[in-house]
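Just so you know, the protein sequences line up as chains R and Z, in that order. Last residue of the first sequence: 698 (our numbering), numbering continuous. Last residue of the second sequence: 374 (our numbering), numbering continuous. Beta carbons: idealized from backbone N, C-alpha and C, even for Gly. Given the structure is predicted, the values throughout are model-derived calculations rather than measurements. Some notes on the structure that comes next.
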Amino acid sequence: MIETVHLSKRYGSLRALSDLNLRIEQGKVFGFIGPNGAGKSTTMLILATLLEPTEGQALVCGYDVMKEPAAVRQSIGYMPDFFGVYDNLTAREYLDFYAGAYKIPASKRTALIADLLELVNLSNKADAYVDSLSRGMQQRLGLARCLVHDPEVLILDEPASGLDPRARIELREILKQLRAMGKTILISSHILPELAELCDEIGVIEQGRLIACGALDDVSVRARGITLMLVRTLTNRHQAGRVLSQCPLVKDLEEQEDGFRFRFVGGEAEKAGLLQELVDAGAAVTYFGESSENLEAVFLAITEGVGG
Amino acid sequence: MREFLSNPILVKELRERFRTKRTVWILALYLLIMGGIPLGFLLINPLRAGTLGENSELFLISAAIHYAMICFVAPALTAGAISGERERQTLNILLTTQLSPRTIVWSKLVTSLAFTSLLLAASMPLYSLVMLYGSVSPEQVVKLVLFFAVNILFLGSLGLFCSTWIKRTAVSTITAYGIAFCFVVGTGLLFFFLGEILQQVDPDRYSHLVVWNLPELQILAGLNPVIVLFAILDESLMPSVEFAFTPWLFFDSCYLGLSVLFVLWSGYLLRPVRRRWWSWKKHPVRVQ
Numbered sequence: 391m392i393e394t395v396h397l398s399k400r401y402g403s404l405r406a407l408s409d410l411n412l413r414i415e416q417g418k419v420f421g422f423i424g425p426n427g428a429g430k431s432t433t434m435l436i437l438a439t440l441l442e443p444t445e446g447q448a449l450v451c452g453y454d455v456m457k458e459p460a461a462v463r464q465s466i467g468y469m470p471d472f473f474g475v476y477d478n479l480t481a482r483e484y485l486d487f488y489a490g491a492y493k494i495p496a497s498k499r500t501a502l503i504a505d506l507l508e509l510v511n512l513s514n515k516a517d518a519y520v521d522s523l524s525r526g527m528q529q530r531l532g533l534a535r536c537l538v539h540d541p542e543v544l545i546l547d548e549p550a551s552g553l554d555p556r557a558r559i560e561l562r563e564i565l566k567q568l569r570a571m572g573k574t575i576l577i578s579s580h581i582l583p584e585l586a587e588l589c590d591e592i593g594v595i596e597q598g599r600l601i602a603c604g605a606l607d608d609v610s611v612r613a614r615g616i617t618l619m620l621v622r623t624l625t626n627r628h629q630a631g632r633v634l635s636q637c638p639l640v641k642d643l644e645e646q647e648d649g650f651r652f653r654f655v656g657g658e659a660e661k662a663g664l665l666q667e668l669v670d671a672g673a674a675v676t677y678f679g680e681s682s683e684n685l686e687a688v689f690l691a692i693t694e695g696v697g698g
Numbered sequence: 087m088r089e090f091l092s093n094p095i096l097v098k099e100l101r102e103r104f105r106t107k108r109t110v111w112i113l114a115l116y117l118l119i120m121g122g123i124p125l126g127f128l129l130i131n132p133l134r135a136g137t138l139g140e141n142s143e144l145f146l147i148s149a150a151i152h153y154a155m156i157c158f159v160a161p162a163l164t165a166g167a168i169s170g171e172r173e174r175q176t177l178n179i180l181l182t183t184q185l186s187p188r189t190i191v192w193s194k195l196v197t198s199l200a201f202t203s204l205l206l207a208a209s210m211p212l213y214s215l216v217m218l219y220g221s222v223s224p225e226q227v228v229k230l231v232l233f234f235a236v237n238i239l240f241l242g243s244l245g246l247f248c249s250t251w252i253k254r255t256a257v258s259t260i261t262a263y264g265i266a267f268c269f270v271v272g273t274g275l276l277f278f279f280l281g282e283i284l285q286q287v288d289p290d291r292y293s294h295l296v297v298w299n300l301p302e303l304q305i306l307a308g309l310n311p312v313i314v315l316f317a318i319l320d321e322s323l324m325p326s327v328e329f330a331f332t333p334w335l336f337f338d339s340c341y342l343g344l345s346v347l348f349v350l351w352s353g354y355l356l357r358p359v360r361r362r363w364w365s366w367k368k369h370p371v372r373v374q
C-alpha cells in the first residue's frame, strides 16, 4: 500500500532522509517514531506529493508519487503537523469545500458530510464556525476532512500534538475506528505510548535513517532484551531500591512516587531472578512488569549512540 | 458555466468575503470617496443650463481618482491570496486535493477581481452625473471602462504573482505596489527622461517635435497607463505625443498579455514539485 525504495532527500548539504526502504501493507497502522528533524515529516511530505525526493522512489497504492501525483492524491488523506482553518466557514461548509475540491458531486455531499461529522463526533457543531471550535475539535474536523474522498491511505503527521489528554483519547478512539474500517494509516507522534496501543508496526527514524522497523514486539524488547520496567512495593521500598541499584542488568533507575522505573537488559529468566531477589530482600512487591511507556524505552535503546 | 459556478474555491472565497463586515465598509468607503468628489464639484460649480456639456474637468478628475483607487485596491486584494493560504497553513492541504495549482490561481484571481469589479460597477452610475457636465462621448466611457477592466486584471494578476512568489503577505503586498509603481509611474518617468536626455545630447537630430514621436518612446508612452488614460479622455500631458497607433488598444493588448503571463507563471510557481511535463507518462499507471 505504501512503499519507499532507497528514498533520499537532501537540502543542499543537509541529508534529511537517507536510503529509506519501507513497506506498509494494506490495513496496517504504521507508527513513525523519531525526534524533531529526524525525517518523519519529510517522508510524509514526499508521500503526499508535496516534496520531490532527491533519489529513490515512493509508491502509494501502487502509484508513483512523482509520476502519478493526481492518482496518489486521490488515494491519500493527508493531515500535516500544523494546519489552519478558514475563517467565516462553518464545519459543514468547510467539509463541503474539500468535498468540492475532490470533485465529489454536490448531490452526494450532504449525506457524506453528515456521516463524517458523526464519525468524528462533531454532528452538534455542524453549523458552528470552524475558528470557534477548540483545538481538539479542529483536529477531529481535520481528520474528517482527510476522509472526505474516502482514501485508502491516511498520512497523519503528529495528529495528537498540542491536544489535551481528553482530546487525545477522543482522537485515538477515532483512529481505532478507522483502523477497523481497513484504512492504511501512517502516523507519527511524539506521544510514544499512544502509538504502542494503536500501531501494528513501528519504524524508528533518526537523522534521516530508518534504524528499526517491524512489529512492535519484534523491534523492541524481547528481540533486543531491553524492557522499560516498573516495580511497585507496599513495604521495604528502601530494600527494593538497594537490590535494583546493585543489579547489573538494571539501567537508568528512577525512583518515582508510584515505584521504580528502569530499563532492564535481560530476558525472561533474568527478570524472574530479579523478582526473586526483591522478594528475598523482604520487599512486598505489588507490581513487577513492563511499563506502559515501553515504546519510549525502545526508542531510547535503539537510538542510543546514533549520531553520537 | 455550471462547473464554473460550482468551483469550490469560488464558492468558499465569496462566502468568506461577503460574510465579513469589512467588505461592506470597503464598498461604502469607496462609494463615499467616489461620490463625494462629484458632489464637491457640484457645490463649487453648480449646474447651469448654459454650461451643460462643456466642462470635462469633472470627468477627468473622476477618471483619475477612479484609476488611483483601482491601483490602490486591486493589488492589495490579490497580494495575500496565496501567501495568506501559506501563512494560515492551509496551502499544503489544498495542494493535496484534486485542484490543480492553475485552478487554484485563476479561482483566486476571479474572486478577487469579482470584488474589484463590484467596486467599479457600483461606482459607474456616478458617471451619469459626470456626463451631465459633458464633453464626454459614450464611446469614451466604454473605452474607459475597458481600460479600467484591463488595469484591474493586470494589477490583480501582478498581486497574485507576488503572493505566489513571496511567502509573506506583507512583503508580497509591498512588492506588488512597488512593481505597480514601476509600471504606472516608472514608464512615464522613463519616457520623459529619455526624451529630455535625447534632446540634450543631440538637439539637432532630436528636436522637441521629433523626439516625443520616436517609435521607441511612443511604445514607452503606450505602456504608461496615465498617458493612455489622458489619450482616452482626449487630453494631453506635457509633452504631447502624436501616437502612430491606437494607444488604448496597444495598452490593453500588452497588459492583457502580461496578465496571462503572470497567471501562468503563478500556476507554475505554485506547483509543489516543478517538473518538465513531457518527461513522464500522462496517464496514471497502477504498479502491481
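Nearest-angstrom Cα separation, counted from residue j out to residue i
i, j, result
"Val110 of chain Z", "Leu204 of chain Z", "11 Å"
"Glu328 of chain Z", "Met120 of chain Z", "31 Å"
"Asp642 of chain R", "Ala534 of chain R", "42 Å"
"Gly572 of chain R", "Val520 of chain R", "29 Å"
"Tyr401 of chain R", "Ile595 of chain R", "18 Å"
"Leu185 of chain Z", "Lys493 of chain R", "9 Å"
"Phe269 of chain Z", "Ile156 of chain Z", "14 Å"
"Val538 of chain R", "Ala114 of chain Z", "39 Å"
"Glu143 of chain Z", "Thr332 of chain Z", "23 Å"
"Met434 of chain R", "Val191 of chain Z", "25 Å"
"Thr623 of chain R", "Ala662 of chain R", "16 Å"
"Lys367 of chain Z", "Phe652 of chain R", "Confidence at Lys367 of chain Z is low in this model, with a pLDDT of 46, below 50, so its placement is unreliable and the value that follows should be read with caution. Rounded to whole angstroms, Lys367 of chain Z to Phe652 of chain R spans 55 Å at the Cα level."
"Phe233 of chain Z", "Trp334 of chain Z", "7 Å"
"Leu181 of chain Z", "Arg188 of chain Z", "11 Å"
"Leu664 of chain R", "Cys603 of chain R", "30 Å"
Beta-carbon contacts of residue i that lie in its chain and below 7 Å, excluding the five residues immediately before and after
i, result
"Ala167 of chain Z", "Lys194, Ser198, Leu246 and Ser249"
"Ala438 of chain R", "Ile466, Tyr468 and Ile545"
"Glu457 of chain R", "Rather than Glu, the amino acid found at residue 457 of chain R in this sequence is Lys. Around Lys457 of chain R: no qualifying Cβ."
Span of the alpha helix (DSSP H) around residue i
i, result
"Asn178 of chain Z", "Leu177 to Leu181"
"Tyr468 of chain R", "Tyr468 of chain R -> not in any alpha helix (DSSP H); beta strand (DSSP E) instead, spanning Ile466 to Met469."
"Arg569 of chain R", "Pro555 to Ala570"
"Leu546 of chain R", "Segment Val543 to Asp547 is the beta strand (DSSP E) holding Leu546 of chain R; no alpha helix (DSSP H) there."
"Val669 of chain R", "Glu658 to Asp670"
"Ala307 of chain Z", "Pro301 to Leu309"
"Ala167 of chain Z", "Ala167 to Glu173"
"His152 of chain Z", "Glu143 to Thr164"
"Val271 of chain Z", "No alpha helix (DSSP H) contains Val271 of chain Z, which DSSP labels as neither H nor E."
"Pro124 of chain Z", "Lys107 to Ile130"
"Ser294 of chain Z", "Position check: residue 294 of chain Z holds His in this sequence, whereas Ser was assumed. From DSSP, the alpha helix (DSSP H) with His294 of chain Z extends over His294 to Val297."
"Gly353 of chain Z", "Pro333 to Leu356"
Residue span of the beta strand (DSSP E) that contains residue i, given as start and end
i, result
"Gly604 of chain R", "Arg599 to Ala605"
"His396 of chain R", "Ile392 to Tyr401"
"Gln447 of chain R", "Glu445 to Val450"
"Asp648 of chain R", "Per DSSP, Asp648 of chain R belongs to no beta strand (DSSP E) and is neither H nor E."
"Gly264 of chain Z", "Element bounds for Gly264 of chain Z: not the beta strand (DSSP E) but the alpha helix (DSSP H), Thr255 to Phe267."
"Arg530 of chain R", "Element bounds for Arg530 of chain R: not the beta strand (DSSP E) but the alpha helix (DSSP H), Arg525 to Cys536."
"Ile414 of chain R", "Leu404 to Ile414"
"Ile575 of chain R", "Thr574 to Ser578"
"Gly703 of chain R", "With chain R running from 391 to 698 in the structure shown, residue 703 of chain R is simply not present."
With 16 other Cβ atoms within 10 Å as the buried cut-off, status of residue i
i, result
"His294 of chain Z", "exposed"
"Phe678 of chain R", "buried"
"Glu563 of chain R", "exposed"
"Gln286 of chain Z", "exposed"
"Ser578 of chain R", "buried"
"His152 of chain Z", "buried"
"Gly490 of chain R", "buried"
"Asn131 of chain Z", "exposed"
"Tyr354 of chain Z", "exposed"
"Gly657 of chain R", "exposed"
"Gly427 of chain R", "exposed"
"Thr500 of chain R", "exposed"
Paired residues, beta bridge with residue i - DSSP
i, result
"Ser249 of chain Z", "Answer is none; Ser249 of chain Z lacks a bridge partner."
"Glu596 of chain R", "R:Arg599"
"Thr623 of chain R", "R:Val675"
"Asp454 of chain R", "R:Leu449"
"Glu328 of chain Z", "Answer by DSSP bridge pairing: none, since Glu328 of chain Z is not bridged."
"Glu680 of chain R", "R:Met619"
6 Å CB neighbourhood of residue i in its chain, flanking five on each side removed
i, result
"Glu410 of chain R", "Before going further, note that residue 410 of chain R is Leu rather than Glu in the sequence given. So the qualifying residues of the chain are Thr394, Leu397 and Leu600."
Nonlocal neighbours in the same chain, by C-beta distance under 8 Å from residue i, ignoring five residues either side
i, result
"Ser209 of chain Z", "Tyr116, Leu117, Met120, Gly121 and His152"
"Tyr484 of chain R", "Val475, Tyr476, Val520, Leu531 and Arg535"
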